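Report on the structure given below.
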Amino acid sequence: MIDRKSPNTQSRSCGSCALCCKLLGLVEPDKLSQWCPHCLKSTGCSIYDSRPNVCRAFNCVWLTDANFGDEWQPTRSKIVICHVRYGNTSNLVFHVDPGWPLSWRNEPYYSQLKRLEQIPLVFTHSLHA
Ligand code: SF4
Ligand code: SF4
135 MIDRKSPNTQ SRSCGSCALC CKLLGLVEPD KLSQWCPHCL KSTGCSIYDS
185 RPNVCRAFNC VWLTDANFGD EWQPTRSKIV ICHVRYGNTS NLVFHVDPGW
235 PLSWRNEPYY SQLKRLEQIP LVFTHSLHA
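Residues 135 to 263 (this note's numbering) are what the sequence shown spells out, left to right.
Shown next as structure tokens:
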């Protein structure tokens with residue numbers, strides 16, 4: 135559980151969410167979609183005060199972009215959205231919780247994702263419409 139507030143979406147904070155600690159391999163990049171060993175289910179990050187800079191710096195897109203409504207809150211959507219730069223292009227990457235692999239096909243997500251098809255999208259876990 136990483137407690138942060140976005141500069142653009144001041145009412146949003148991580149709260150009890152810790153989904154990026156599971157899906158993104160922030161501490162161990164070769165271990166995507168596995169809970170960080172420092173993440174305790176009941177209390178969140180067990181090394182919060184000394185957590186790595188990569189954790190301190192990370193903000194998911196829901197935290198920072200009000201274009202993504204409250205339905206995209208990660209524990210609700212089961213999806214963590216990130217910006218990832220490939221060369222000169224910044225792509226949106228949708229990391230889908232493997233525990234809910236089809237969550238992105240539910241509404242309101244599917245319709246919104248279809249509308250976003252005009253911009254680069256990458257799904258993790260080889261999920262495609
Ligand atoms: S996924 Fe987003 S809202 Fe959830 S803990 Fe990570 S940064 Fe915070
Ligand atoms: S060190 Fe803490 S904040 Fe960083 S991924 Fe692990 S549990 Fe999350």
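We put the beta carbon where it would ideally sit given N, CA and C, even for glycine. The structure presented is a predicted model; accordingly, all values stated were derived computationally and were not measured.
Length of the line joining the Cα atoms of residue 251 and residue 227
12 Å
Does residue 242 pass the burial test, meaning 16 or more other C-beta atoms within 10 Å, or should it be called exposed?
exposed
So for residue 210, helix, strand or coil by DSSP?
In the structure shown, the three-state DSSP call for residue 210 is helix.
Regarding residue 227 and ligand 3, is the C-beta to nearest heavy atom distance less than 7 Å?
With respect to small molecules bound, the structure shown includes ligand 1 and ligand 2 and not ligand 3.
Using a Cβ distance threshold of 8 Å, determine whether the region 179-190 contacts the region 202-217, with at least three qualifying pairs required.
no
Per the DSSP calculation, residue 109 is bridged to which residue(s)?
Limits of the chain in this structure are 135 at one end and 263 at the other, which puts residue 109 out of reach.
Flag this pair as yes or no: are the beta carbons of residue 173 and residue 151 separated by less than 8 Å?
At the C-beta level, residue 173 and residue 151 stay beyond 8 Å of one another.
Kindly list the residues whose CB is nearer than 7 Å to the CB of residue 246, restricted to its own chain and excluding five residues on each side of it in sequence; keep chain order.
Answer for residue 246: no residue qualifies.
If I follow the unbroken beta strand (DSSP E) through residue 195, where does it start and stop?
Counting along the chain, residue 195 falls outside any beta strand (DSSP E), though it belongs to the alpha helix (DSSP H) covering 195-198.
Same chain only: Cβ atoms within 6 Å of residue 249, ignoring 5 sequence neighbours per side:
none
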